[in-house]
Amino acid sequence: MNEILFYSLAALTLGCGLLVVANPFSRNPVTSAMFLVMTILSLAGLFVLLGAFFLAAVQVIVYAGAVIVLFLFVIMLMGSHELPRRAFHWLLAAAACLVTGALAALLLRLLSALKTQPPAVGAPVEGGTALLGRLLFTDYLLPFEVVSVVLLVAMVGVIVLSRKEAA
Amino acid sequence: MGLLGVLMRRSVLLIYMSLELMLNAANLAWVAFSHFNRNLDGQVMVFFIVTVAAAEVAVGLALMVALFRQRQSTQAEDFATMKL
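What follows is the structure, encoded as structure tokens:
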């Protein structure tokens, strides 16, 4: 059961991810954003399979809820017309495929060179809210506070950036 | 796949979505490592990555809106000069 779920979710993630980047049917950015939502939701499913329940919820709330809505706002703001179909740069595409292929080959080589160890013994950990929260407020207290400052800085920066000129 | 998107697409919005894909791939790797090492530290790291990614998306999209006001375009080639 778990394996069927894993493989179908992984296939869904990869397929939707591909459709975000290169959709042969539509050049509308809204379509890409919707497929990004699908990718994120299936990733949340994978997180659940790996026992990261809190992160799955965060993934749905923060990414599917906030980030995608932000994307859609900006797309609507700029007008959601179809992107112009410009001349396809074969050189650019070839170079991009070359670099990506090289990186993928490197990663695969690294993966096969790794000594595969059996997973650590013990019951699988489950990232519930309570456990993660305890960890956040004990071992990771300083990074947690720094992240909150980063969010504050981002908020102020966004307000400054998106203010109309000569206001 | 995200890297391919960053390199090939020429709309700034789509480049940004591809960046999100890459961040999500990294998150998945962290969670998987955390699961197989029986250790919660990886999941805490993913929490931080998600937070910083949200902040980064907000700033990036604000920059994009500011650029769009200047240039009336979302294509990366139209932003090739530094002068506004």
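Protein chains in written order, with this note's numbering: chain H, 2 to 168; chain Z, 10 to 93. Idealized CB from N, CA, C, for every residue including glycine. Computed from a predicted model, the values in this text were never measured in an experiment.
Where does Thr32(H) fall in DSSP's three states?
Three-state result, Thr32(H): helix.
Rounded C-alpha distance that separates Lys165(H) from Ala75(Z)
The straight-line gap from Cα to Cα measures roughly 9 angstroms.
Segment contact, 8 angstroms Cβ cut-off, at least three pairs: the region 136-156 of chain H with the region 51-70 of chain H:
Cβ pair count under 8 angstroms is below three, so no.
Consult DSSP for Ala168(H) and reduce its assignment to one of helix, strand or coil.
Model confidence at Ala168(H) stands at a pLDDT of 48, short of 50, so the residue's coordinates are unreliable and nothing is read from them.
When you compare only the Cα positions, how much space is there between Ala103(H) and Ala34(Z)?
Just so you know, the alpha carbons of Ala103(H) and Ala34(Z) end up roughly 18 angstroms apart.
The alpha helix (DSSP H) that contains Ser9(H), what's its start and end?
From DSSP, the alpha helix (DSSP H) with Ser9(H) extends over Asn3 to Val22.
Have a look at Leu152(H), Met79(H) and Val157(H) and flag the residue whose alpha-carbon is nearest the alpha-carbon of Phe57(Z).
Of the candidates Leu152(H), Met79(H) and Val157(H), the one whose C-alpha sits nearest the C-alpha of Phe57(Z) is Leu152(H).
Please report whether the beta-carbon of Arg80(Z) lies at a distance below 8 angstroms from any beta-carbon of chain H.
Closer than 8 angstroms: no.
Can you list, in chain order, the residues of its chain with a C-beta nearer than 7 angstroms to that of Val61(H)? Leave out the 5 residues immediately preceding and following it.
Same-chain partners within the cutoff: Leu42 and Ala45.
Could you name the residues of the same chain whose beta carbon sits closer than 6 angstroms to that of Ser33(H), not counting the 5 residues immediately before and after it, in chain order?
Within its own chain, the residues whose Cβ lies closer than 6 angstroms to the Cβ of Ser33(H), once the five positions on either side in sequence are excluded, are Val21, listed in chain order.
So, using beta-carbon positions, are Ala11(H) and Leu47(H) closer together than 8 angstroms?
Yes; because the gap between Cβ atoms is below 8 angstroms, this pair is in contact.
Please name the residue, chosen from Asn29(H), Leu162(H), Ile160(H) and Ala23(H), that lies closest to Met77(H) on a Cα-to-Cα basis.
Closest by alpha carbon: Asn29(H).
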